[in-house]
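Trainee:
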Amino acid sequence: MLTGEDFGRLFETFERTAFRLETLAEYDVEEEREEIARFLAGEDMGPEWDDNPWVRSMTDKGKSVSRVHVLRSPLSDYLRYELAAYPGNIAAGESIGIIDRSEQQADGLPDHDFWLFDDRDVYRMHYTPEGAFVGGERLPDERLAEYRAYRDLALARAVPFGVYREWRR
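Spelled out as structure tokens, the structure:
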């Protein structure tokens, strides 16, 4: 199981593509707590929200970063915060899709998060019940076809974030 900087290195070393499936309604990320409080108070979120530097550090190298977030309306405060940050991720080059279980089917998708790097390395994400990251478990190569199929299914069912945002207005 990879944690901390070891897991973070995966985003520096992948060569072409990184895909994430997100499934939780709440993530407990210590580094985000102050920012979430500012968001919920209606404060200015700063320039990083206009063009996410973490995403930009990958896409500026020609790498593709994408995700599908499986969620359910009504949105938790955390999800409202996270979705409000997505336009900055998109501006930095990330492709983001949404599957809202209150409006769409998500049958056939796993009930857990994962990252798929370069179509060859898949990491199942593990979290505490409160949503704190425990670590990423590299799954054996025999599971690659299964997780590629999950990615393809999620991408086929997802609504582009911009369309989803218009629906929610």
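In terms of the numbering used here, the sequence shown opens at residue 1 and continues consecutively. Think of the CB as a built atom: it goes at the ideal place given N, C-alpha and C, for glycine as much as any other residue.
1) Do A92 and W49 have their beta-carbon atoms positioned less than 8 Å apart in this structure?
2) So the alpha helix (DSSP H) L139 belongs to, where does it begin and stop?
3) Can you give me the start and stop residues for the alpha helix (DSSP H) that L10 sits inside?
4) Spell out the partners DSSP gives E22 in its beta bridges.
5) Considering E97, what are the terminal residues of the beta strand (DSSP E) in which it resides?
6) So, are the CB atoms of E26 and Y81 less than 8 Å apart?
7) Can you check DSSP and say which residues form a bridge with V122?
8) Using DSSP with H/G/I as helix, E/B as strand and the rest coil, what is S57?
9) Would you call the segment 112-120 and the segment 14-25 in contact, with 3 or more CB pairs under 8 Å?
10) Just to confirm before moving on: does the CB-CB distance between T17 and D152 stay below 8 Å?
11) Sort R38, V122, G46 and I36 by Cα distance to R20 and report the nearest one.
12) Report buried or exposed for M125, applying the criterion of at least 16 other Cβ atoms within 10 angstroms of its Cβ.
13) Measure from the alpha carbon of D28 to the alpha carbon of each residue in G135, E130 and E166, then state which is nearest.
14) May I ask you to verify whether the segment 99-110 touches the segment 44-63, counting CB pairs closer than 8 Å and requiring at least 3?
15) Would DSSP call I127 helix, strand or coil?
16) Alpha carbon to alpha carbon, how far is R157 from G8? Give it in angstroms, no decimals.
Mentor: The short version:
1) no
2) Where L139 is concerned, there is no enclosing alpha helix (DSSP H), given that its DSSP letter is neither H nor E.
3) L10 to T13
4) H69
5) With the sequence shown as reference, residue 97 is identified as Gly, and Glu is not the correct amino acid for it. Residues S95 to D100.
6) At the C-beta level, E26 and Y81 stay beyond 8 Å of one another.
7) Bridge partners of V122: L116.
8) helix
9) yes
10) no
11) Sorting R38, V122, G46 and I36 by C-alpha distance to the C-alpha of R20 places V122 at the top.
12) buried
13) E130
14) no
15) What sits at residue 127 in the sequence shown is Tyr, not Ile. Y127: strand per DSSP, three-state reduction.
16) Approximately 28 Å, taken between the alpha carbons.
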